[in-house]
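In our numbering, the protein residues as written are 1 to 438.
Remarks on the structure that follows.
Set out below in structure tokens:
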């Protein structure tokens, strides 16, 4: 179906008597729409209506930066313009005068967030730290050591950047709601539509379409909630399409993380003590706070706490909980494996052998590393300007291990399941890191 073009994605949905809605929300999370002048565009061809979204407008739940539940599920403050074609709706929306406030958050930038995180990171005694895992006396051993290696890593916010912009088509009647959407979480989409339509969930019918990529973004039904609120207010079928800019504006980012690693090594360069601190935003704190463990978001320290695969006699890690959070494995493995490479380099050791020497003989991490290195043709005999890296991680009960060169990245993934298997692929890119998670 995808090959011959017959696959139906959410944006392809067509319903009789359907109209179109273009939306715009506050450009600063926590900001709000102050006013809009629909009179300035209401007489344009095809324009039907405009609705305020969120607080003071349509929608059952309203986004509020100070309320955890609403931050997750609410409709952000904004405005929707409806017309008989999407082009006409979008054009009217863009031409319509609007006034916004930033909710007091307008001076927050990536730089200010990272700088604040680095300030916390620089103070190991900051009261916001929560101990995630501790074995032995890592800080004591490091303080007494004459050979300490330290490194700081940062990972940025990342948008899902789905190929298909977010969209949803709905038809709400007195006793039924139909929703056409590409969703990764149909039950959650049903619940959101039912709440906005004021109907029992059994009267909501989600017609799940192919995803124009998802990467987790389409498990959040904010476009479903928004479209259902508009459809209910309008009283006829409506397709809501976010522009590419709006899709980015309403993104649910993988948040930044900053890491500080310290290790004390013996005369042979093998770590005797390992200590890391992490500052990051927390998805658990804002969606499912009951899942926090002594203030710790387990996803934020995934692979860095007791799940750390390497056998080090003294180790300790911490996390202060901040803002939003996404799956930690995607960034924590980069930081940890990068630091392991730094330790191997300081010891003058083969990065592969250095890792193997830090694993128990019966470690389940050993075989994925060995097979990845074999398949990639691992060698340290490299020419000038050439590089070859290797790394591993544990995520969702599997152990991906990857080896890559500095140009024309080779990716090898090993799933540590009942039946060990590997997937081999190629990606054309330039890569300066010494480890890569497939």
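The C-beta atom is built at its ideal place from N, Cα and C for all residues, glycine as well.
{"Query": "List the residues that DSSP assigns as beta-bridge partners of residue 9.", "Result": "210"}
{"Query": "If you check the beta carbons only, do residue 162 and residue 224 fall under 8 Å apart?", "Result": "no"}
{"Query": "Considering only their Cβ atoms, is the gap separating residue 313 from residue 149 smaller than 8 Å?", "Result": "no"}
{"Query": "Rounded to whole angstroms, what is the Cα-Cα separation between residue 397 and residue 365?", "Result": "12 Å"}
{"Query": "Comparing alpha-carbon positions, which option in 156, 384, 288 lies nearest residue 114?", "Result": "156"}
{"Query": "So, using beta-carbon positions, are residue 250 and residue 214 closer together than 8 Å?", "Result": "no"}
{"Query": "Please determine, among 360, 385, 262, the residue with the shortest C-alpha to C-alpha distance to residue 335.", "Result": "262"}
{"Query": "Just grab the DSSP bridge partners of residue 238 for me.", "Result": "19, 170"}
{"Query": "Along the chain, which unbroken stretches of the beta strand (DSSP E) at least 3 residues long are found entirely within the region 71-126?", "Result": "78-83, 98-101"}
{"Query": "Quick check on residue 3: buried or exposed, where buried means 16 or more other Cβ atoms within 10 Å of its Cβ?", "Result": "exposed"}
{"Query": "Tell me, please, which residues DSSP counts as bridged to residue 178.", "Result": "171, 205"}
{"Query": "What residues in its chain sit with their C-beta under 7 Å from that of residue 141, if we drop five residues either side in the sequence?", "Result": "264, 272, 273, 314"}
{"Query": "Under DSSP, the beta strand (DSSP E) around residue 190 begins and ends at which residues?", "Result": "Taken as a continuous stretch (DSSP letters only), residue 190 belongs to no beta strand (DSSP E), being part of the alpha helix (DSSP H) at 186-197."}
{"Query": "Using only alpha-carbon positions, find the residue among 308, 252, 260 that is nearest to residue 282.", "Result": "252"}
{"Query": "For the pair the region 30-42 and the region 74-86, tell me if three or more CB-CB distances fall below 8 Å.", "Result": "yes"}
{"Query": "Does the region 13-25 come close enough to the region 232-244 to have 3 or more Cβ pairs within less than 8 Å?", "Result": "yes"}
{"Query": "Would you mind sorting residue 420 into buried or exposed? The rule is 16 or more other CB atoms within 10 Å of its CB.", "Result": "Confidence at residue 420 is low in this model, with a pLDDT of 33, below 50, so the placement of that residue should be treated as unreliable; the coordinate-derived value is given next. Looking at its Cβ environment, which holds fewer than 16 other Cβ atoms inside 10 Å, residue 420 is exposed."}
{"Query": "On the three-state DSSP scale, how would you describe residue 14?", "Result": "coil"}
{"Query": "Taking the beta carbon of residue 244 as the centre, do at least 16 other beta carbons fall within 10 Å, making it buried, or is it exposed?", "Result": "exposed"}
{"Query": "Quick one: what's got a C-beta closer than 6 Å to residue 260's C-beta in the same chain, skipping five residues either side?", "Result": "121, 152, 277"}
{"Query": "DSSP three-state call for residue 412: helix, strand or coil?", "Result": "In this prediction, residue 412 scores a pLDDT of 45, lower than 50, which makes its location untrustworthy; no coordinate-derived value is stated."}
{"Query": "State the DSSP-derived secondary structure class of residue 285, mapped to helix, strand or coil.", "Result": "helix"}
{"Query": "Alpha carbon to alpha carbon, how far is residue 192 from residue 172?", "Result": "13 Å"}
{"Query": "In angstroms, rounded to a whole number, what distance separates the CA positions of residue 123 and residue 255?", "Result": "21 Å"}
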